[in-house]
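For the sequence shown, the residue numbers in my numbering are 1 to 304.
Backbone N, C-alpha and C define an ideal beta-carbon position, used for all residues, glycine too.
Since the structure is predicted, the reported quantities are computational estimates derived from the model, not experimental observations.
What follows is a single structure, written as structure tokens, with notes after it.
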Amino acid sequence: MKSPRFELVILDWDGTVADSTGIIVDAVISAAESAGVKAPPRQLILKTLGLGLNQLLLKLFPHLSSEILEKVAEGYRSHYHANEGNSYLFDGVREGIERLYQNKCKLAVATGKSRKGLKFALQDTELNRYFSSTKTVDECFSKPHPHMVEAILEETQIPADRAVIVGDTHYDIEMGKNAHIQTIAVTYGAQPKDVLISFEPLACFDSFKEVVDFLKEATIKSGFVVFFEGKYHAYINQCKHLPIELDYKPNEFMDDQKQWIICSTHGAIYHPASGECISGPCRGEILEKLNVLESNDVLWVEIY
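Laid out in structure tokens, this is it:
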């Protein structure tokens, strides 16, 4: 699959970043029982995950009075907050977020959690620093309304065609489509693959690592062009040893046989014609090369 180029990745939290769907389902059941209400089946609760709490309870308990619904909501908050520290990141999430961040991709969160709940989760997981924007149902309309995505796009100043949302429910996919951005579904959260695929996301993956592998190729990367021995050579500007951009020194480009591309961050030396590292921690690795075409005194670089 040829992937688009993304500058912004918006992540759902529960069921996508954190393995917390079980805590949410248990909180709904406990809250219903505490309020003297028959609890719905677990599978039915799972189908509502992704909505804000008020919308979720209205969908599960459409015939309850507002007074009883408020009791259920209070019971839910009490049970959830008592157990929210027991949720964990899915395998590969922390490493994947770091990879995207190092790849100069902006990250955001759009969640049905409360602001208080998301603040706790970000602090508990120590992921705060990675996100340029976070939106919750406390300041935006619930999914699948596009409000959260639209607010993130406005705050980050990223156009819709450069953004993608990753989520585990059809509400995430619908919200993304309503906001005119691309969508990616993950199957390890609340909803099964067949349900997610029926809402036609751009892609559907079984692990967060697969998502990141796809997005890493799909994120915007910078590049550079060098002129060596009468020819132009273009490369993706990313070190092969560390996920960082090369910090090369223009004064190292000399018109003789000692012309090298030198990364002053850790001293790796690359040959300008082949992109091969001939000295340093990346020795033997080769920079990702781009095709260059000279036409009518214009230099064209193929980036896809």
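The three-state reading of DSSP puts T21 in helix, counting H, G and I together. With a 10 Å radius around the Cβ and a threshold of 16 neighbouring Cβ atoms, F227 comes out exposed.
Contact between A179 and E154 does not hold, since their C-beta atoms are separated by about 11 Å, which reaches or exceeds 8 Å. Of the candidates F208, C277, R283, the residue whose Cα lies closest to the Cα of E98 is F208. Just measuring C-alpha positions, the residue of N103, K143, H271, R77 sitting nearest G117 is R77. The Cβ-Cβ distance between T111 and W13 falls below 9 Å. It is roughly 9 Å from the alpha-carbon of Q55 to the alpha-carbon of T48. Contact annotation, G189 with T16: C-beta distance approximately 6 Å; criterion of less than 8 Å satisfied. Contact between the region 125-136 and the region 24-43 is absent, with fewer than three C-beta pairs closer than 8 Å.
Here Y88 carries a strand assignment [DSSP, helix/strand/coil].
Note that the region 192-200 does not touch the region 57-64; fewer than 3 beta-carbon pairs, one per stretch, sit closer than 8 Å.
According to the DSSP secondary-structure assignment, C140 is paired through a beta bridge with no residue.
In the three-state reduction of the DSSP assignment, A39 falls in the coil class, being assigned neither a helical nor a strand state. DSSP places I236 in the uninterrupted beta strand (DSSP E) bounded by 231-236.
Beta-bridge partners of G223 (DSSP): I236. Take the alpha-carbon of L127 and the one of E276: they are about 35 Å apart. A buried status is given to S87, since no fewer than 16 other beta-carbon atoms sit within 10 Å of its beta-carbon.
One Cα belongs to V28, the other to I286, and the distance between them is close to 53 Å. Pairwise C-beta distances place the region 38-46 out of contact with the region 65-80, as fewer than three of them are shorter than 8 Å. Note: T134 is bridge-paired with V109 in the DSSP secondary-structure output.
The beta carbon of F205 is closer than 8 Å to those of I184, A185, V186, T187, V211, F214 in its chain, skipping five residues each way along the sequence.
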